[in-house]
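Asker: Can you read through this structure? Questions will come right after.
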Amino acid sequence: MLGIRLFFIGLIATALAGGGFYVFKLQKDNAILKANAIKMESAISEQKVLIENQEKDFKAILTANAEMNDLVNNLKKDLQDLDKRFNKKNRDVGKLAIEKTKVIERITNSAGDKAARCMEIASGSPLTEAEINATKKSEINTECPSIANPNYIPY
Amino acid sequence: MEKIHWHIITSENAEEVFKKLEADGIDPVLWGLTDKDFELLAKNFAQIRNKMIETNKILEKYKEYYESEEEKDE
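If you read the protein sequences in the order shown, they are chains B and H.
Heads up, the first sequence is in this note's numbering, so the first residue is 17 and it goes up one at a time.
Heads up, the second sequence is in this note's numbering, so the first residue is 2 and it goes up one at a time.
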């Protein structure tokens with residue numbers, strides 16, 4: 017009889033101890049899960065900031081590329097205009113220079129001065145008031161209006 | 002930049018040009034280009050200039066990007 021009692025007492029004690037350990041383990045697991053959840057939330061918010069920054073960078077790159085394309089197109093146009101000045105309607109500058117030597121010499125020197133100014137601007141020289149305010153064909157630097165005369169709109 | 006002067010010499014005015022150089026106390030010697038080479042020189046200069054402008058623009062954009070990054074970090 018005593019043996020049976022001791023057996024049941026032992027069984028109950030073991031069950032209680034087992035239950036206690038199980039609860040303790042659950043609490044421990046819960047704490048780990050909570051810590052993991054906090055880490056995940058922090059990682060997600062970091063990722064969000066990263067994605068936002070990447071989006072900003074991507075937009076900035078697109079804008080910069082668009083600006084570069086505009087610039088390259090304007091510079092190409094300046095180069096095409098220069099080509100036109102030499103070859104417009106089968107113009108032969110050599111023949112013109114023979115026929116109107118003084119005039120072509122004057123035009124060449126004027127264009128040379130303008131081209132030198134373009135090199136200065138390209139090297140970082142600030143624009144003058146006159147260059148900034150130029151809006152008429154007669155006021156612009158015909159060699160590089162795209163960089164020398166920001167307010168000039170070709171007409 | 003230094004200002005340079007272009008002289009146009011034809012078979013008709015060559016003598017006059019050299020006489021004028023001598024009269025002005027300049028050595029009567031000139032470096033010559035044909036009209037086609039002059040055209041190429043002008044185009045070469047324009048291309049160099051364009052490349053400089055493009056490079057400057059790229060540098061400017063990188064500067065904008067990295068300097069704004071530094072401001073953010075501060």
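All C-beta atoms, glycine included, are put in the ideal place defined by N, C-alpha and C.
Mapping the DSSP letters down to three states, classify residue 161 of chain B as helix, strand or coil.
Answerer: The answer is helix: DSSP assigns residue 161 of chain B an H, G or I state.
Asker: With distances taken from CA atoms, which of B/135, B/139, B/140 and B/142 is nearest residue 4 of chain H?
Answerer: If we check each option's Cα against that of residue 4 of chain H, B/135 comes out closest.
Asker: Within 10 Å of its beta-carbon, does residue 73 of chain B have 16 or more other beta-carbons around it, so buried, or fewer, so exposed?
Answerer: Exposed, since its Cβ has fewer than 16 Cβ neighbours within 10 Å.
Asker: For residue 7 of chain H, would you say it is in contact with chain B, using Cβ-to-Cβ distances shorter than 9 Å as the test?
Answerer: Answer yes: the Cβ-Cβ gap between residue 7 of chain H and chain B drops below 9 Å somewhere.
Asker: For residue 8 of chain H and residue 70 of chain B, what's the separation of their Cα atoms in angstroms?
Answerer: The alpha-carbon atoms of residue 8 of chain H and residue 70 of chain B are separated by roughly 58 Å.
Asker: How is residue 119 of chain B classed by DSSP in three states: helix, strand or coil?
Answerer: Residue state, collapsed to three classes: helix.
Asker: In the segment 20 to 37 of chain H, which residues sit with their C-beta less than 9 Å from some C-beta in chain B, listed in chain order?
Answerer: Within the segment 20 to 37 of chain H, the residues whose Cβ lies closer than 9 Å to some Cβ of chain B are 35, 36 and 37, listed in chain order.
Asker: Run through DSSP, which three-state label would residue 73 of chain B get?
Answerer: Residue 73 of chain B falls in the helix class under three-state DSSP.
Asker: Is residue 51 of chain H near residue 95 of chain B, with beta carbons less than 9 Å apart?
Answerer: In this structure, residue 95 of chain B lies closer than 9 Å to residue 51 of chain H by Cβ.
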